[in-house]
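These notes concern the structure reproduced below.
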Amino acid sequence: MTAPRTIAHFDLDSFFVSVERLLDPSLNGIPLLVGGHSERGVVAACSYEARKFGIHSAMPMKRALQLCPHATVVGNARGEYSKYSRMVTDIIAAKAPLFEKASIDEFYLDLTGMHRFFDPYQWTIQLREEIMSATGLPISFAVAANKMVSKIATNEAKPNGYLHIPAGAEREYLAPLAVNKIPGVGEHTYQTMLQMGIRTIRDLSERPAAALERAFGKYGLELYNKSRGIHEGEVVPYYEAKSISTENTFEENKTDMDFLMAELVRMTERVAYELRQDNKTAGCVAVKIRYPDFETTSRQMAIPYTFYDDELIAKAKELFHKLYRAGQPIRLLGVRLSELTGEAVQTNLFQDTEKKNQLYRAIDDVKNKYGKYSIVKAGGLEADSTPEATLGGIEGKARKDGNRGKSD
Numbered sequence: 546m547t548a549p550r551t552i553a554h555f556d557l558d559s560f561f562v563s564v565e566r567l568l569d570p571s572l573n574g575i576p577l578l579v580g581g582h583s584e585r586g587v588v589a590a591c592s593y594e595a596r597k598f599g600i601h602s603a604m605p606m607k608r609a610l611q612l613c614p615h616a617t618v619v620g621n622a623r624g625e626y627s628k629y630s631r632m633v634t635d636i637i638a639a640k641a642p643l644f645e646k647a648s649i650d651e652f653y654l655d656l657t658g659m660h661r662f663f664d665p666y667q668w669t670i671q672l673r674e675e676i677m678s679a680t681g682l683p684i685s686f687a688v689a690a691n692k693m694v695s696k697i698a699t700n701e702a703k704p705n706g707y708l709h710i711p712a713g714a715e716r717e718y719l720a721p722l723a724v725n726k727i728p729g730v731g732e733h734t735y736q737t738m739l740q741m742g743i744r745t746i747r748d749l750s751e752r753p754a755a756a757l758e759r760a761f762g763k764y765g766l767e768l769y770n771k772s773r774g775i776h777e778g779e780v781v782p783y784y785e786a787k788s789i790s791t792e793n794t795f796e797e798n799k800t801d802m803d804f805l806m807a808e809l810v811r812m813t814e815r816v817a818y819e820l821r822q823d824n825k826t827a828g829c830v831a832v833k834i835r836y837p838d839f840e841t842t843s844r845q846m847a848i849p850y851t852f853y854d855d856e857l858i859a860k861a862k863e864l865f866h867k868l869y870r871a872g873q874p875i876r877l878l879g880v881r882l883s884e885l886t887g888e889a890v891q892t893n894l895f896q897d898t899e900k901k902n903q904l905y906r907a908i909d910d911v912k913n914k915y916g917k918y919s920i921v922k923a924g925g926l927e928a929d930s931t932p933e934a935t936l937g938g939i940e941g942k943a944r945k946d947g948n949r950g951k952s953d
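As structure tokens, then:
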């Protein structure tokens, strides 16, 4: 008989709020909102003191301030959020045999089989203490036999606590909880369930699978299984998606700065597009230069996680100017994005990015329909209008290093 899995779920409590308070202790104990300041701003996170007023993440900032006019709004520490996220990631990576970074502040650890050597629950408690000692951040976790139950239990353990749900006790543990505690049950589905008389996970588990399929389609069978604590999602190794890169070897060595800057823009735009297609963000950008004597140099920079062309292009240009030996001809130019994670735009919630997101979605829709070179930034036109006509260059395809798996 196969031994049950052991999955730990770690979640940094009110991560953005906690980082802001580390940077400025005067913010402790007051209603705190993290997000965009303008009329179109959105609450990325809020303190427990603010939640008492009915404020929640993703709420328009204007509405949040109506509910709590005396709240303090912050959100200028994007680089610090990434820094602390990396600190936690590094600690987990050094200890855990297999882990998945699900977001900037959320991790799954697969500890299956560790019971042969020591108690996984006690090991996880010690890991939590190490994280808190090293970073000063509060963090909650739960250990269970699958990802879904461990995630639900972590939310129940907050703030700054931990739980262990023994294998076989999943259904009993879930039964009294509100049905919208199940990940993926949004407001519309929740309201439909309430109309059906389903309020707790126990209520859901007592409905026949066929009835749930009639009400919710294919999702009904998934809900049927989840209500019984059944979930087969795998922990996807964090290292699988390592980098996306592209480089161009010129048939004629180049010294024209306008051309080189245009080429850098075009290449960065290309890998950023690939990044968005994978629904990933990058935490590091690198530029590579090869000179005619084949001497190759590169330089990289850690950045706040992003997938926006303009942010990545600015960093690539900065790296190029730090790296380039002025006046020297260049044989090859390359751009690489690494530290990839499926964090979407979490660290960009502090800017008013809805219009920006809409713009990039529209651009990508056109590229998907007519080809990735159907729209290029004006700064990239100097180098290339079609990939095959790179002024005689030999264009390297955007390369993705490392295997990728589907995250649950």
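Following our numbering, the numbering of the sequence shown begins with 546 at its first residue and continues without gaps.
Glycine included, each C-beta is placed from N, C-alpha and C at the ideal position.
Helix, strand or coil for residue i? Go by DSSP, reduced to three states.
i           : result
residue 723 : strand
residue 588 : strand
residue 798 : strand
residue 550 : coil
residue 560 : helix
residue 881 : strand
residue 716 : helix
residue 870 : coil
residue 793 : strand
residue 697 : helix
residue 578 : strand
residue 865 : helix
residue 555 : strand
residue 565 : helix
Quick check on residue i: buried or exposed, where buried means 16 or more other Cβ atoms within 10 Å of its Cβ?
i           : result
residue 791 : buried
residue 793 : buried
residue 557 : buried
residue 739 : exposed
residue 843 : exposed
residue 733 : exposed
residue 810 : buried
residue 678 : exposed
residue 727 : buried
residue 929 : Only weak support exists for where residue 929 lies, its pLDDT of 46 falling under 50; the value from the coordinates is given anyway. Looking at its Cβ environment, which holds 16 or more other Cβ atoms inside 10 Å, residue 929 is buried.
residue 663 : exposed
residue 753 : exposed
residue 737 : exposed
residue 776 : buried
residue 616 : buried
residue 834 : buried
Are the beta-carbon atoms of residue i and residue j separated by less than 9 Å?
i           : j           : result
residue 567 : residue 600 : no
residue 874 : residue 849 : no
residue 644 : residue 780 : yes
residue 673 : residue 629 : no
residue 817 : residue 854 : yes
residue 653 : residue 804 : no
residue 868 : residue 830 : no
residue 675 : residue 646 : no
residue 832 : residue 865 : yes
residue 774 : residue 820 : no
residue 550 : residue 691 : yes
residue 571 : residue 592 : no
residue 766 : residue 749 : no
residue 878 : residue 799 : yes
residue 618 : residue 610 : yes
residue 590 : residue 686 : no
residue 669 : residue 688 : yes
residue 746 : residue 782 : no
residue 658 : residue 548 : yes
residue 883 : residue 789 : yes
Bridge partners of residue i, per DSSP?
i           : result
residue 729 : According to DSSP, which records beta bridges pairwise, residue 729 is partnered with nothing at all.
residue 956 : No statement about residue 956 is possible, as the shown extent of the chain runs from 546 to 953 and does not include it.
residue 827 : 851
residue 858 : DSSP, once it has assigned bridges, lists no residue as partnering residue 858.
residue 886 : 826
Extract the residue ranges of the alpha helix (DSSP H) inside the region 728-790, only unbroken runs of 4 or more that lie entirely within it.
Within the region 728-790, the complete alpha helix (DSSP H) runs of at least 4 residues fall at 732-740, 746-750, 754-761 and 763-771.
List in chain order: all unbroken beta strand (DSSP E) runs of 3+ residues lying wholly within the region 601-675.
As far as the region 601-675 is concerned, its whole beta strand (DSSP E) runs of at least 3 residues are 617-619, 644-648 and 651-655.
Could you give the uninterrupted runs of the beta strand (DSSP E) lying entirely in the region 830-855, keeping only those of 3 residues or more?
841-851
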